[in-house]
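Novice: All residue numbers for the sequence shown refer to our numbering, where the first residue is 1 and numbers rise by one.
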Amino acid sequence: MRVAVLKEDSCQPKKCNDECHAFCPPVRNGQECIILDDKTGKPHISESLCIGCGICVNKCPHDALIIEQLPSELETDMIHRYSMNGFRLFRLPTPSKESVVG
1 MRVAVLKEDS
11 CQPKKCNDEC
21 HAFCPPVRNG
31 QECIILDDKT
41 GKPHISESLC
51 IGCGICVNKC
61 PHDALIIEQL
71 PSELETDMIH
81 RYSMNGFRLF
91 RLPTPSKESV
101 VG
């Protein structure tokens, strides 16, 4: 699965015309794939709606977007997710008595 990921430090919403939002095919079809934050103006990309086409990456004037190839995920046992579209933890090791883990 491919998905667009924002590089927060490179995004400069005050110096662009929201090209990522304007040219996104799902957004143009009425889906809320990219939502612009009211306070910062930075885009939030919906992992489930992003089709990974790369148009937003090519249109961004600040190279603030990249396409990531996500590995197939486990269906269950997600323990923690750091943020929206962020790193996820699955199946932490369970220590057993009188054994070493690590």
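Every residue, glycine too, gets a C-beta built ideally from N, C-alpha and C.
In whole angstroms, what is the alpha-carbon distance linking H62 and S96?
Specialist: Computed Cα separation, rounded: 50 Å.
Novice: What does the alpha-carbon distance come out to for the pair C56 and V100?
Specialist: If you take the alpha carbons of C56 and V100, they lie about 47 Å apart.
Novice: Quick one: measure Cβ to Cβ for P13 and K42, integer angstroms, because I've assumed they're closer than 8 Å.
Specialist: Indeed, because the Cβ distance is near 5 Å, the residues count as touching under 8 Å.
Novice: Roughly how many angstroms separate the alpha carbons of R91 and S72, rounded to a whole number?
Specialist: So the alpha carbons of these two residues sit roughly 15 Å apart.
Novice: Rounded to whole angstroms, what's the CA-CA distance from R81 to S48? Just pull it up for me.
Specialist: Computed Cα separation, rounded: 15 Å.
Novice: Can you tell me which of I51, P26, I67 and S46 puts its alpha carbon nearest to the alpha carbon of M84?
Specialist: Ranking the options by Cα distance to M84, first place goes to S46.
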